[in-house]
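*Asks:* Numbering (our numbering), first residue to last: 756 to 1085.
Note that CB positions come from ideal geometry on N, CA and C, so glycine has one too.
Sending over a structure as structure tokens; questions will come in a sec.
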């Protein structure tokens, strides 16, 4: 495994991030523990979760699965850089009582304590804001965070799904307050097919020394060889991915992608991950395996070297927006 610093911090994290969103809803606890053991054995030390994972009436279930894994001992907690998130409505019926969601100081305090209890740990390495809260000023948010850092409950803070201007605003207010570290990471939607983050989000993150943690690196499975799998009678795309495949231009683009990689003898999913590892500012993509076999495929991406010819071919199929602000200024 290869490692890098998380943004401007001294924290060293693996170039692949283990995403746990499937733990509970699609992968049972025993298999989830097997995957986490395999990830740790492979050198992955960066685990990402969120308080709402488990979904519906099982919100918080994923954090509990991770907590039960930590409880097995074997230095599991000490070896893991643990990231979780706050913002979501934690009510099972979706009807949150006032102040039981988003980023008020009151909810942040409640949510941290609840996550710590489920995770069976006394601190969270990276506490992430899952979404922008348009009604809570950053002065209030940072005051709440400062208290939690002083209490030793969290060490670093990151954002998720923030636009560039909010990354800037959050960090500028943190700097004015003094003594507040500000955002050290941004977790955003970013992959070969979805490159809009290159316009503002990634430049802002780089400017402020925030590591970029892409989620959905395979774009819901579309970049994992979905057309070939479909033709071979394998697992079919579902939901938004299935809807996307009904678009003839999207399908033609994915066919060109799979044809290019077939020419080079490479696996689409591994290339999609390896491409992200070449991108400026990227700490590491989040991989969310449902099985140990899927984790093995993701691990191969870390060692994969992409040629300049292949990178140019990928840019031709999936052109990015170009440098900012030129991409939208002229």
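Could you please give the first and the last residue of the uninterrupted alpha helix (DSSP H) stretch that includes residue 817?
*Replies:* It spans 816 to 825 - the alpha helix (DSSP H) in which residue 817 sits, taken as one unbroken run.
*Asks:* Here's the rule I'm using: 16 or more other beta-carbon atoms within 10 Å means buried, otherwise exposed. How should residue 1030 be labelled?
*Replies:* So residue 1030 counts as buried.
*Asks:* Over the uninterrupted beta strand (DSSP E) stretch that includes residue 913, give me the two end residues.
*Replies:* Start and end: 909 to 915.
*Asks:* Helix, strand or coil, according to DSSP, for residue 749 in the structure here?
*Replies:* Here the chain comprises residues numbered 756 to 1085, so residue 749 is not present and cannot be evaluated.
*Asks:* Between 821, 862, 921, which has its C-alpha nearest residue 872's C-alpha?
*Replies:* The residue with the shortest Cα to Cα distance from residue 872 is 821.
*Asks:* If contacts are defined as beta-carbon pairs under 8 Å, then residue 768 and residue 1038 qualify, I think. What distance do you get, rounded to the angstrom?
*Replies:* At roughly 6 Å, the Cβ-Cβ gap stays under 8 Å, so residue 768 and residue 1038 are in contact.
*Asks:* Under 8 Å, with one C-beta from each stretch per pair, do the segment 917 to 933 and the segment 1011 to 1031 reach the 3-pair mark?
*Replies:* The segment 917 to 933, when compared against the segment 1011 to 1031, does not touch it at the 8 Å Cβ threshold.
*Asks:* When the Cα of residue 1016 is compared with those of 868, 1064, 1041, 987, which residue comes out closest?
*Replies:* Residue 1064 is the option with its Cα nearest to residue 1016.
*Asks:* Identify whether residue 1023 lies in helix, strand or coil by the three-state DSSP scheme.
*Replies:* Helix at residue 1023.
*Asks:* Measure the alpha-carbon distance for residue 796 versus residue 830 and round it to whole angstroms.
*Replies:* Between residue 796 and residue 830, the C-alpha separation is close to 12 Å.
*Asks:* For the beta strand (DSSP E) holding residue 840, just list the boundary residues, first then last.
*Replies:* Here the beta strand (DSSP E) through residue 840 covers 836 to 841.
*Asks:* Mind listing, in chain order, the continuous beta strand (DSSP E) runs of no fewer than 3 residues lying wholly within the segment 954 to 1007?
*Replies:* The segment 954 to 1007 contains these whole beta strand (DSSP E) runs: 966 to 970.
*Asks:* Can you name, in chain order, every residue of its own chain whose Cβ lies under 8 Å from the Cβ of residue 995, other than the five neighbours on each side?
*Replies:* Closer than 8 Å at Cβ, skipping near neighbours: 975.
*Asks:* State buried or exposed for residue 824, treating a residue as buried only when at least 16 other CB atoms are found within 10 Å of its CB.
*Replies:* Buried: at least 16 other Cβ atoms inside 10 Å.
*Asks:* Tell me whether the beta-carbon of residue 973 lies closer than 9 Å to the beta-carbon of residue 1027.
*Replies:* Yes, the pair counts as a contact, with Cβ atoms nearer than the cut-off.
*Asks:* Using DSSP with H/G/I as helix, E/B as strand and the rest coil, what is residue 1041?
*Replies:* If DSSP states are grouped into helix, strand and coil, residue 1041 belongs with the strands.
*Asks:* Tell me the rounded alpha-carbon separation between residue 943 and residue 781.
*Replies:* Approximately 23 Å between the Cα atoms of the pair.
*Asks:* Can you list, in chain order, the residues of its chain with a C-beta nearer than 7 Å to that of residue 757? Leave out the 5 residues immediately preceding and following it.
*Replies:* For residue 757, where only same-chain residues beyond five positions count, the Cβ hits under 7 Å are 770, 1057.
*Asks:* Count the other CB atoms within 10 Å of the CB of residue 783; is the residue buried (16 or more) or exposed (fewer)?
*Replies:* Burial call: exposed.
*Asks:* Counting C-beta neighbours from all protein chains within 10 Å, is the total for residue 775 16 or more, i.e. buried, or is it exposed?
*Replies:* Classification of residue 775: buried, given that the 10 Å Cβ count is 16 or more.
*Asks:* Can you tell me whether DSSP reads residue 919 as helix, strand or coil?
*Replies:* Residue 919: helix per DSSP, three-state reduction.
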